[in-house]
Amino acid sequence: MLFLQDSPHRRLNPLTGEWVLVSPHRTKRPWRGEMEKSANTISPSYDPNCYLCPGSARANGQINPLYDGVFAFDNDFPALRLDAARGEIDDGLLVARGEAGLCRVICFSPRHDLTLSRMAIPDIASVVGCWCDEYRTLGALGAVNYVQIFENRGAAMGASNPHPHCQIWASESLPNEAEKESRAQRDYMARRGSCLLCDYLAREETIGERIVCENVAFVALVPFWATWPFETMVLAKRHIGSLDDFRPGDNALLADLLSRLTLRYDNLFETPFPYTMGFHQSPTDGASDPHWHFHGHFYPPLLRSATVRKFMVGFEMLGSPQRDITPESAADRLRELPDVHYLAR
Ligand code: H2U
Ligand code: ZN
C-alpha cells in the first residue's frame, strides 16, 4: 500500500471514531519555530524542597512518612470531591450535572531523581501492584464509576514536580475518552461478536511493522492511527478488562514492558522523554463490560529532538490532528533503539 508511505491520507482511529491526517511527504520541511529547552539537568536523589520526598511537608502542612517503596495519598488540591453538590440543569441547551469523585497521588519511589525508565523492574512491579489496589478500592466506592490512572512526565507536559509520581482521578461519570472508547468497543463486539482490540492486536502481530517491544503478556506498538509522532499503545495480550483481572506474574510483566518502552523513549533523543501516559479499562459501575480490553496510551510531545516538540494547533485544533512521520517509521526508530538506558551505558 504505497500511498500510506508517500502520499497524504487519513487514517481512522476505531477506538474514538476520529480521523488523523497523515502527510508523509512533509517530513523534509525546514523548522524555524520554537526550540524547547533541553531538560538534561540531573536531579539530586533527595530534594528538601520537594513536597513528594519522604519526610517532606506538603502544601497543606501534612508530613510525608519516611516511605521506602510506593506511597499513595489523597491529593491536597483535588479536582473532584466525594461531597460535590448534587445539582442538575438541562434545558436542552444548557446542561450541567454535579460530579462526585476523588483524586489520589502515587509516588513511585522515595528517590527524587528516578523515573519509570530508570527504576528496577521489581520496583515498577510494586507501582503496578499499587495501581491494582487503588483501582479495586476506589472502584468499590458507590460514587466511583471510573478510575483514571495517568502520569504527566516532564515540564513540557505540565508536570509540577520531577519526583516520579502519577495521579488517579476517580469519577462518577466516564470521562470523554473512556466514553468514546467504551461505545466503540461495545459497538464492535455487537457487530462482529469479537473484541476490537483482540482483533487489532492479532492484525498487528501478523504485520509486525508497528510493534516496538513485547513479552508474553503485553505488547507496545505505535497504533496505525497514532496522532503524536511517537505515540504508543500498551495492550494486554489476553482479553482482560482491567487491573482487577491481572494474574500473579502480570504485575512484573507489565513492569518489564513499561521499563523497556520508557527507556527506549529516553534513548530516542538521549533526554528524559516527556509524555502523558495512562490506562483505559473497564468502568467500575458494576455493569458487565465484556467489550473492554485493558490498555495504556503514551502521548509524548517530542518530534525531532530533545528541543523540538509537536504542537497540536491550527488545523489540528480546528480540523483534525495531523502527523508527518508515519507510524511505521516511528515504530522502526523506537524498535531499533537499545534497551539499555543511555545514562547506564
Ligand atoms: P502533577 O505533577 O501531575 O501536576 O501532579 C502533582 C499533584 O500533586 C497535583 O495534582 C498535588 C497537586 O494537586 N499536590 C498535593 O496533593 N500536595 C502538595 O503538597 C503539592 C501538590
Ligand atoms: Zn522529591
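Numbering follows numbering that gives the first Met the number 0, with no gaps: position 36 of the sequence shown is 35. Even glycine gets a Cβ: it sits at the ideal position worked out from N, Cα and C. Quick caveat: nothing in here was measured; it's all calculated off a predicted structure.
Beta-carbon spacing of residue i, residue j below 8 Å
i, j, result
"E171", "V146", "no"
"C102", "H164", "no"
"S304", "S241", "no"
"E385", "T15", "Any question about residue 385 goes unanswered here, given that the chain covers just 0 to 344."
"F229", "P299", "yes"
"L220", "R237", "no"
"N250", "G128", "yes"
"G295", "F272", "no"
"L234", "V218", "yes"
"E150", "M276", "yes"
"A84", "G97", "yes"
Cβ-heavy atom distance, residue i to ligand 1, below 7 Å
i, result
"N151", "yes"
"A158", "yes"
"A58", "yes"
"F76", "yes"
"V104", "yes"
Residue i - DSSP class collapsed to helix/strand/coil
i, result
"H340", "coil"
"S116", "helix"
"V126", "helix"
"Y134", "helix"
"L333", "helix"
"A83", "coil"
"A155", "helix"
beta-carbon residue i near ligand 2 non-hydrogen atom, thresh 7 Å
i, result
"C165", "no"
Residue ranges of each beta strand (DSSP E) within the segment 174-224, 3 or longer: 210-213, 217-220
Test item, CB below 6 Å from any non-hydrogen atom of ligand 2: D46, C49, L51, C52, H111, H162
Ordered list of alpha helix (DSSP H) runs contained in the segment 239-274, each at least 4 residues: 249-268
Alpha helix (DSSP H) segments (min. 4 residues) lying fully within the segment 1-32: 2-5
Inside the segment 281-330 only - alpha helix (DSSP H) runs reaching at least 4 residues: 314-317
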